[in-house]
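Heads up, the thing below is written out as structure tokens.
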Amino acid sequence: MSLHLQNIDHVVGGQSHISGVNLELEPGSFNVLLGRTLAGKTTLMRLMAGLEQPTRGRIFMDGKDVTGVSVRKRNVSMVYQQFINYPSMTVRDNIASPLKLANTPQQEIDRRVGSIAEMLHIEHLLDRYPQELSGGQQQRTAMGRALVKDADLILFDEPLVNLDYKLREELRDELRELFKARNCIAVYATTEPNEALALGGNTAVLHEGKLLQYGPTEQVYREPNGRHSAEMFSEPPINIVPGKLTATEITFDQSLHFPCDPGLQRLTPGDYDFGVRASHITLKPQSADDLELPVLVDVAEISGSETFLHVRHERFPLVLHLAGIHEFHVNDAINVYFPTHQLYAFDKQGSTVHIPSSAQGSVAHG
Amino acid sequence: MAEITLKGLAHSYSKTPSSHSDYAIRQMDHVWHQGGAYALLGPSGCGKSTLLNIISGLLEPSEGDVLFDGHRVNELPPEERNIAQVFQFPVIYDTMTVYDNLAFPLRNMNTPEYKVDPKVREIADILDLTPLLSRKAKTPTADEKQKVSMGRGLVRVDVSAILFDEPLTVIEPQLKWKLRRKLKEIHERFNITMIYVTHDQLEASTFADKIAVMYDGQVVQFGTPRELFEKPAHTFVGYFIGSPGMNFLSVSHQAGKVMFGELPLPVNEAVSRSVAAAGSSNIKLGIRPEFITVSNSPEPNSVPIEVVNLQDLGTYSLLSFTLNGQLFKARLPEGHAPVGDAAHAVFSDQHIALYVDEYLVEIGHE
Amino acid sequence: MNNKVLNNRAWLLVLPMLVLVAFSAIIPLMTVVNYSVQDVLGPNARFFTGTEWFHSILNDSALRDAFVRQILFSLTILAIQVPLGIGIALIMPKRGWQASAVLILITLPLLIPWNVVGSIWQIFTRGDIGLMGYGLRELGINYNITRNSGDAWATSIGMDVWHWTPLVAMLCYSGLRSIPEAYYQAARIDRASKWAIFRYIQLPKLTNVLVIAVLLRFMHSFMIYAEHFVLTGGGPGSSTTFLSQSLATMAIGQQDLGPSAAFSIIYFLVILLVSWVFYTTIMHMQKDKNPHGGA
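From first to last, the protein sequence lines are chains A, B and C. Under my numbering, the residue at position 270 of the first sequence is numbered 270, and the numbers go up by one with no gaps. For my numbering, count along the second sequence from 1 and bump the result up by 1000. For my numbering, count along the third sequence from 1 and bump the result up by 2000.
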């Protein structure tokens, strides 16, 4: 099945929640909807499901106009943030409930519930009730219910957000595997760039109700089509430094200027926003023409095996993503090294005008 | 000012505990030194909240003693312990102004107003709450509310310890690091013991100088973020810290070789000797995904692996592979050469850790 | 285009509801309005009177007295029931079998039919066989609800408090249960006194249920009829005659359809006004509560 959203607007009480969204999802594709809270992810999913009607625009499934068709006739299933199960039913009956509604023969129900439970590693819990289970097991049950009926479209609305991060890691991996063998369209909403990258497939970046970019996840990550898209799709967010481009140089201020990359020389001189990934700024120089910047430490966030270092230069704040563990005190004075060859450039309208050659290379390989 | 000592502490919610599983906290000794920044890290249900409530006095331990500066405080209620606590959800008195909220603990102790006012203003200034002082406390945002609840602990001159119970749960992701910075700043400025309870490794290692990792009612390791990453003292710490966690191989020593199932592992003499000397049937080798290198052709001491998939996570790639039927993860740097289906992996010798009965055993590396 | 058609069809779905409401509310109400502007002398003899009935009702001193008594009664029972209800809720056990037992005990008065409540109290207060009436007389107190209007008042209020305080108490109890434990813990750590905990945590968190309790009780007390009719019959004299009873006397006892219709409408408007005042107050308070509600 394919799903095509054509020029979708959704206005509620005079407020635009979704505007001008065009999106074509391929049969059997796994799609991530990436955007901050209130970006319109949930609304868009509800439109896809048929729980809401668009104010303007049309929705096609397999080329058939389904704009006014109700959710009951669309064969979709949905998994929510909250762990929603029928409290008075066992896990087995919960998972079987969509099949029972469809009058599936009992033998077939048993077979499918069994295989889904096995895939989700809850086969030993089938006779328990939801309230006796941990959060992860409850969400697995809810997923089982969504997966058991052969839906054409499965929607996940931030399903892992209420779980511990270790559980999140495990379920994310399993989820990706589950969809390999299926021919339905999966749409997965998340606020976390890392989750989008881990899930792979395609990513649609949503911002303030507008679709910024859609494409294979890696490509959207490496070649963002604009500043918003780049900021949205990196954790920590890509560093943005406003500067001036002359024929041969980039100037951040009088004392901060350096020769620019040959690729940038084709741009018209003027004001641009330069983007540099948090993982590309380092504590030791990586190449001779790295720019040395004296900064003060705001805070070093340490996450197991990596460090997110928030620092401020007198003109702009920066975030560094470092491998390994680096401990600093608030207001420590240090030097960081800014890669002058790995800059993205965005014009003042926010469109991408330059992508560093290193990023282009990776996509070609991948 | 206080040094908090837990002596022979254990707690069971059951009146007649008979086995290990009846205990929320198993027999433990622990010292939190005056002025330290500590975290109590563990998954849900590990006993960390129970331990926090025992320290704050909301719960009386069933066995052992809680000592504040050497004085037994088991029976003292929270209000007599000179501690403050910040809860998961901001607790504010919403009919009062922010000012009155901050003044509340002082006024409860009948502090004269001329002493209350400068103290409230000082703390408001540190927490950037000055512009909000005259506002009703129900109007601020979640992060401001959480700062108000923290402020109520800080205004008291007699407070010797502040306990935090997952304080950033309700804070917007983009604002979290600012509050983390504030917390660090406050710790460095005031000489107060702080204990921070969380299930999130990033929260714990960012805040704390030393982390107590709890698992199944016990502190399995007490160490710096670096120690937890580089030398996990227990297999659980290896699994829980780092994303993804440590890989483990159950091994045995047969005919002078370290065997992973039927597969002899190419480990060095020191590791081999330690495995031989372990004298248990539960022997595991642990290796972090960061310390596995992968190549397409055999290298000295490499083992052949079957690649399952390669996820591009932007700043690095995650390789899943199987060895002897077991799934492993390796973390490859950005721009790593592509890997074919059948490849070879090297486990870096000096990063292999040995676990006997789940606990770390030092290997005599030469 | 598509949207338009869908929308029009949607109106049809409202139709059954509209018919239902018409039968249950609009038509009876219109009948009353119709009567209120006519003088009905017989099946075929009716005269249009305009606003005459309304004038006479508004100028009827007996009804005005009943109205004043009604307001006085409603305010008195609120002044007793709200604090008493909060007090009971505060001392109720919080968990275990005691909690269930107390809850059941407290709910008992709510389960008794209204006219039975009146009968119970009527017997209870009788000087010859009633426990309270006899007891008071034995103590030398001259207590008689059929002769002394003060006694009648006090007993009316006592009966209403006995019957309806449990409702307020239960609402408050559920309100108190919904306060997270962390608030109490934080307050202990802040060394707040019992009074401060009540004043700054429990009372603010109870405002919502209290508004509902006050609204319910106020409107309810405006409509009381059966209990008091059985207990005092409105006497002695007309000292405990409240609005509903005046109306019943006028409409059923005297068959004055025109004036009682006008009276009903005024009665209805008063209750509507009171409800509206409460509704806007609640809405206003909630807007106050979450200023970012629109986001």
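Yeah, the Cβ is synthetic: ideal placement off N, Cα and C, and Gly gets one too. Keep in mind that this is a model prediction, so the values were computed, not measured.
For A/A204, no alpha helix (DSSP H) encloses it; the enclosing beta strand (DSSP E) starts and ends at 202-207. Sequence-distant Cβ neighbours of C/V2274 in its own chain, meaning closer than 6 angstroms and more than five residues away, do not exist here. When DSSP states are grouped into helix, strand and coil, C/V2270 belongs to the helix group. Within 10 angstroms of the beta-carbon of C/F2047 lie fewer than 16 other beta-carbons, which makes it exposed.
Taking 9 angstroms as the cut-off, the beta carbon of C/M2092 is found no closer than this to the beta carbon of C/A2010.
Beta-bridge analysis with DSSP links C/V2032 to no other residue. Chain-order list of chain C residues neighbouring B/I1083: I2189, by C-beta distance under 9 angstroms. Residues of the same chain with a CB within less than 6 angstroms of the CB of C/W2121, apart from the 5 flanking positions on each side, are M2159, L2231 in chain order. Assigned with DSSP and collapsed to three states, A/P130 falls in helix.
Using a Cβ-Cβ cut-off of 9 angstroms, C/I2086 is close to nothing in chain B; its nearest Cβ partner there is about 16 angstroms away.
Close CB contacts of C/N2148 within its chain, under the 8 angstroms cut and outside five residues either way in sequence, are with N2142, P2236 (chain order). Note that the segment 1125-1136 of chain B does not touch the segment 1042-1060 of chain B; fewer than 3 beta-carbon pairs, one per stretch, sit closer than 8 angstroms. B/N1053: member of the alpha helix (DSSP H) spanning 1048-1056, first to last residue.
Put simply, the backbone Cα of A/G135 is about 11 angstroms away from that of A/P159. In the three-state reduction of the DSSP assignment, A/R145 falls in the helix class.
Residues of the segment 185-210 of chain A with a C-beta less than 9 angstroms from any C-beta of chain B: T191, E192, P193, N194, L197, A198, L199, G200, listed in chain order.
For A/E301, the enclosing beta strand (DSSP E) has its first and last residue at 291-303. At a cut-off of 9 angstroms between beta-carbon atoms, A/S287 makes no contact with chain B. By the neighbour-count definition (other C-beta atoms within 10 Å, threshold 16), B/A1233 is a buried residue. Around the beta carbon of C/G2042, fewer than 16 other beta carbons sit within 10 angstroms, so the residue counts as exposed.
The beta strand (DSSP E) runs of length 3 or more contained entirely in the segment 1068-1130 of chain B are, from start to end of the chain, 1083-1086. From the listed residues A/P224, A/S279, A/A39, A/E26, the smallest Cα separation to A/S16 is found for A/A39.
In this structure, DSSP gives A/I154 an extended state, which the three-state scheme calls strand.
In the DSSP assignment, A/M61 is bridged to A/L3, A/K64.
Going by C-alpha positions, A/Q139 is about 59 angstroms away from C/F2242.
Contact note: B/F1321 does not reach chain C at a C-beta cutoff of 7 angstroms; the least C-beta distance is about 46 angstroms.
Not a single unbroken stretch of the beta strand (DSSP E) spanning 3 or more residues falls wholly within the segment 2184-2253 of chain C. For the C-beta of B/N1108, the chain C residues within less than 8 angstroms are, from N- to C-terminus, D2190, R2191, A2192, S2193, A2196.
For A/E26, same chain residues with a beta-carbon under 7 angstroms away, outside a window of 5 residues either side, are S2 in chain order. Residue pairing by DSSP places B/M1028 opposite B/L1009 in a beta bridge.
Secondary structure of B/N1296 (DSSP, three-state): coil. Three or more pairs of CB atoms, one per stretch, sit closer than 8 angstroms, so the segment 335-351 of chain A contacts the segment 258-267 of chain A. Our two residues, A/V71 and A/G50, have alpha carbons roughly 5 angstroms apart in a direct line. Inter-residue distance for B/S1160 and B/A1002 is about 5 angstroms (C-alpha atoms, whole angstroms). The DSSP assignment places no complete alpha helix (DSSP H) segment of no fewer than 4 residues inside the segment 2148-2176 of chain C.
C-alpha of B/R1273 to C-alpha of B/K1329: approximately 26 angstroms in a straight line.
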